[in-house]
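To start, the structure itself, in structure tokens.
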Amino acid sequence: MSAQLQQNTPTPPTSFKKRLTLIGPGFVAAATGVGTGDLVAALVAGAGFGLVFVWAIIVGSILKHFLNEGVGRWHLATGKTILEGWREMGRWATGYFGIYSVIWGFVYGAAASSACALAMHAMFPVLPFWAWAVLHSLLGFALVWTGRYQLFEKIMMVLIALMFITVIGSAALFLPNMGDLLKGVVPTVPKGSFMLALGLIGGVGGTITMASYGYWLKEKGWKGKEWIPTMRLDSKAAYIMTAIFTLSLLIVGSQFLFGTGIELKGDQGLIKLTNLLSDKYGAVISWLFLIGFWSAAFSSLLGVWNGVPYLFADFIRIIKKQVDKPVTETDPAYRLYLVWLTFPPMILLFFGKPIELIILYGALGALFMPFLSLSLLWLLNSKRVEKAYRNSLLGNIVFVACILLFVVLAVRELSGMF
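Quick note on numbering: numbering that gives the first Met the number 0 labels position 261 of the sequence shown as 260, and the sequence is numbered without any gaps.
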């Protein structure tokens, strides 16, 4: 954490209005988790089944709020980081994260920059695809290397605003009948869509970056149990935004593509959709959608570039048993991982992704969210947390549901690979 924030730690607000003016870290965490994969999933669900899965998006956002709030509550109630919690769970937990973070960072670095380049190349084809990808990686690297959280948060809020305005603006073209929208709130699973429903629930804004939430709280200057009410409001507001954003994509897919037989697959599906929008509504609408797509992709990249190095630096701190050493953006391990995210993955832009690496990355990635859910169920019911801040009965039910959900999704992911 920066010296300035340490010297000027803000006073916890006591009113709803004051708390509302301070929200921000939750939006960063949620926007980082909402990538192009979530956009495609919502569009595919809408195109294939109309507004049937409104409920799935709402449930997914609620589950991610509980996970996000759990990470924040652990940090604020105990003063410990999530890595310190994993250390207390055993060496297997920290060891798992260490292996996962190295492999995940290498492949994600290429995937994130490619998603950004896809939208930018569609808008400005003056540079080749790989050049746009490299430029986005370098831009993210430069912005995070400065170590200025306030600047990072302001840029993220601008990107979130762009996502919100452009995607919701596009959805305004396809406003559905309110009765049809309300019908979608009632849980329904059409034949053959069970795994799609689970994937939609599990994919709404959920990635490794949820574990970074506590570090962003520290950067904001939120320290101690008195900040828990503000943190909870911050998380709720962020995942309400996530739900509205994802619902807008579902509406676009349902009203524009449902019944047409047009299929959207992968990130290229979004580009295909913008071409269809351009043909029917003109270039302005397609550009709005592309801007929203780019904002979602770049906010994910920037959030990962800033957030995951905290986890890695904390991992190194714990391995070295440097208990009293704070985790900062200028830590050599933080910057080492930032370099790892930025430069080595550029190789994949030219030579493709090795099959073995993709399999291992997919296996570890599929297992991270149940690992996080299990961690919060374990840690937040233990004596490490004061009784007043342990999980409620509802919280425990939600965490168990998260574990079951993510295990099913993990099995599906792994079975598809092997």
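Idealized CB from N, CA, C, for every residue including glycine.
task = Using the Cα positions of K182 and A55, report the straight-line distance between them to the nearest angstrom.
result = Each residue's alpha carbon lies about 12 Å from the other.
message = Considering just the uninterrupted stretch of the alpha helix (DSSP H) at T187, what are its terminal residues?
response = Unbroken run through T187: none, as it is neither H nor E.
key: CB contact flag (V58, I200, <8 Å)   = V58 places its beta carbon less than 8 Å from that of I200.
Three-state class that DSSP yields for L248 in the structure shown = Under the three-state reduction of DSSP output, L248 falls in the helix class.
ask   = Could you give the C-beta distance for I81 and G213, rounded to a whole number, given that I count them as a contact under 8 Å?
value = The Cβ separation is near 6 Å, so the contact holds.
query = Cα-Cα, which of V27, F193, M88 is closest to I154?
reply = It is V27.
ask   = Could you give the distance in angstroms between the alpha-carbon of Y158 and the alpha-carbon of F297?
value = Sequence check: residue 158 is Leu here, not Tyr. When rounded, the distance between both Cα atoms is 8 Å.
message = Quick test of your reading: C494 and W293, contact by CB under 8 Å. State the CB separation rounded to the nearest angstrom.
response = Any answer about residue 494 is impossible in this case: the structure gives the chain only from 0 up to 417.
ask   = Which word fits F15, buried or exposed, when buried means at least 16 other C-beta atoms lie within 10 angstroms of its C-beta?
value = Exposed, because fewer than 16 other Cβ atoms sit within 10 Å of the Cβ of F15.
query = DSSP on E385, reduced to helix/strand/coil?
reply = Three-state result, E385: coil.
C-beta contact flag for L378 and I402 at 8 Å = Between L378 and I402, the C-beta gap is not smaller than 8 Å, which leaves the two residues out of contact.
message = Are the CB atoms of I22 and D323 within a distance shorter than 8 Å?
response = No; because the gap between Cβ atoms is not below 8 Å, this pair is not in contact.
ask   = Is S247 near A121, with beta carbons less than 8 Å apart?
value = When the beta-carbon positions are compared, S247 and A121 stay at least 8 Å from each other.
inquiry  = What would DSSP say about D233, mapped onto helix, strand or coil?
reply    = Here D233 sits in helix by DSSP.
query = Can you list, in chain order, the residues of its chain whose CB lies under 6 Å from that of L66, leaving out five sequence neighbours each side?
reply = If we look at L66 and ignore the five residues flanking it on each side, its Cβ neighbours are M209.
ask   = Is E473 helix, strand or coil by DSSP?
value = No statement about residue 473 is possible, as the shown extent of the chain runs from 0 to 417 and does not include it.
request  = Can you give me the Cβ contacts of G104 inside the same chain, cut-off strictly under 6 Å, excluding the 5 residues immediately before and after it?
outcome  = Excluding positions up to five away in sequence, the list reads W339, L340.
inquiry  = Cutting at 7 Å between CB atoms, please list the residues of its own chain near L371, excluding the five before and the five after it.
reply    = So the list reads L66, M209, A210, once near-sequence residues are dropped.
query = Excluding five sequence neighbours on each side, which residues of the same chain lie with their C-beta closer than 7 Å to the C-beta of G97?
reply = Non-local beta-carbon contacts of G97 in its own chain, meaning distances under 7 Å to residues more than five positions away in sequence, involve F314 in chain order.
query = At what residues does the alpha helix (DSSP H) containing G69 begin and finish?
reply = If you look at G69, you'll find it in the alpha helix (DSSP H) that goes 53 to 77.
ask   = Is the distance from the Cβ of F123 to the Cβ of L249 below 8 Å?
value = By the CB criterion at 8 Å, F123 and L249 fall outside the cutoff.
query = Between the beta-carbon of P24 and the beta-carbon of L216, is there less than 8 Å?
reply = L216 sits close to P24, with the two beta carbons spaced by under 8 Å.
key: Range covered by the alpha helix (DSSP H) that runs through I315   = For I315, the enclosing alpha helix (DSSP H) has its first and last residue at 282 to 318.
inquiry  = Using the three-state DSSP reduction, which class does L195 fall into: helix, strand or coil?
reply    = L195 falls in the helix class under three-state DSSP.
inquiry  = Under DSSP, the alpha helix (DSSP H) around L418 begins and ends at which residues?
reply    = Any answer about residue 418 is impossible in this case: the structure gives the chain only from 0 up to 417.
Runs of alpha helix (DSSP H) wholly within the region 5 to 53 (minimum 4 residues, chain order) = Correct list: 15 to 21, 24 to 32, 35 to 48.
request  = Return yes when the Cβ of R72 is within less than 8 Å of the Cβ of Y388, no when it is not.
outcome  = Contact: yes.
C-alpha distance - I396 paired with S112, whole-angstrom precision = Their Cα atoms are separated by approximately 37 Å.
key: For A92, the nearest candidate out of E385, L366, V406 (CA to CA)   = Looking at the Cα atoms, L366 is the closest of the given residues.
key: Sequence-distant residues of its chain with Cβ nearer than 7 Å to W138 (five each side left out)   = The residue asked about is misnamed: residue 138 is Leu in this sequence, not Trp. Around L138: no qualifying Cβ.
inquiry  = Am I right that V106 and N305 are in contact with their C-beta atoms under 8 Å? What's the rounded C-beta distance?
reply    = That pair is no contact at about 19 Å.
query = What residue does the alpha helix (DSSP H) around L142 start on, and which one ends it?
reply = In this chain, the alpha helix (DSSP H) harbouring L142 covers 128 to 144.
inquiry  = To the nearest angstrom, how far is the alpha carbon of F349 from that of V410?
reply    = When only Cα atoms are considered, F349 and V410 end up about 31 Å apart.
message = Suppose you measure from the CA of P228 to the CA of H64; what does that come to, to the nearest Å?
response = Cα to Cα, P228 sits roughly 14 Å from H64.
key: Reference M162; option with closest CA among L392, F288, L393   = Closest option to M162, Cα to Cα, is F288.
ask   = Which residues bound the alpha helix (DSSP H) around S391?
value = From DSSP, S391 is part of no alpha helix (DSSP H); its letter is neither H nor E.
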